[in-house]
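**Student:** For the sequence shown, numbering that gives the first Met the number 0 assigns the number 110 to the last residue and increments by one with no breaks. Even for Gly, the Cβ is constructed at its ideal location relative to N, Cα and C. Sharing a structure below in structure tokens format, with a few things to ask.
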Amino acid sequence: MIPGGGQPNMQQLLQQAQKMQQDLATAQEELARTHVEGSAGGGLVKATVTGAGELQGLVIDPKAVDPEDTETLADLVVAAVRDANNAAQELQQRKLGPLAQGLGGMPGLPF
Numbered sequence: 000m001i002p003g004g005g006q007p008n009m010q011q012l013l014q015q016a017q018k019m020q021q022d023l024a025t026a027q028e029e030l031a032r033t034h035v036e037g038s039a040g041g042g043l044v045k046a047t048v049t050g051a052g053e054l055q056g057l058v059i060d061p062k063a064v065d066p067e068d069t070e071t072l073a074d075l076v077v078a079a080v081r082d083a084n085n086a087a088q089e090l091q092q093r094k095l096g097p098l099a100q101g102l103g104g105m106p107g108l109p110f
């Protein structure tokens, strides 16, 4: 509702929406270029993902490799990737959260 009972300026609302969409696209591109790391086993396994959650790298310390116990190594890999993805989600919230909230607060937009 506009103070004084007037109607919202549609042109202004559309410009604000376009600006927010551009800001959102820019933030998403930045996330895709940003790398975050997760680890498991006290750093024996490290996973690197983009801010968008795409796995980019995996480093396994030779001390983590036991041919008799590949199950533990697999668990460490999963835990490191999960840790990295959690870091990526936190980064997404910091980058995209305010933008998504801004879009959701605009009247007439289905967010």
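1) Cβ of Ile59 less than 8 Å from any chain C Cβ?
2) Can you grab the Cα-Cα spacing for the pair Thr49 / Ala87, in whole Å?
3) Leu75 and Leu43: beta carbons closer than 8 Å?
4) Return helix, strand or coil for Gln15, following the three-state DSSP convention.
5) Do you know how far the Cα of Thr47 is from the Cα of His34?
6) For Leu13 and Glu36, I'd like the C-alpha separation in whole angstroms.
7) Kindly list the residues whose CB is nearer than 7 Å to the CB of Ser38, restricted to its own chain and excluding five residues on each side of it in sequence; keep chain order.
8) Can you check whether the CB of Ala51 is closer than 8 Å to the CB of Ala31?
9) Between which residues of its own chain and Glu89 is the CB-CB distance below 8 Å, once the five residues before and five after are set aside?
**Tutor:** The answer reads as follows:
1) The chain inventory of the structure shown lacks chain C, comprising one protein chain alone.
2) Rounded to whole angstroms, Thr49 to Ala87 spans 7 Å at the Cα level.
3) yes
4) helix
5) Answer to the nearest angstrom: the Cα atoms are 6 Å apart.
6) 38 Å
7) Val44, Lys45, Ala79 and Asp82
8) yes
9) If we look at Glu89 and ignore the five residues flanking it on each side, it has no Cβ neighbours.
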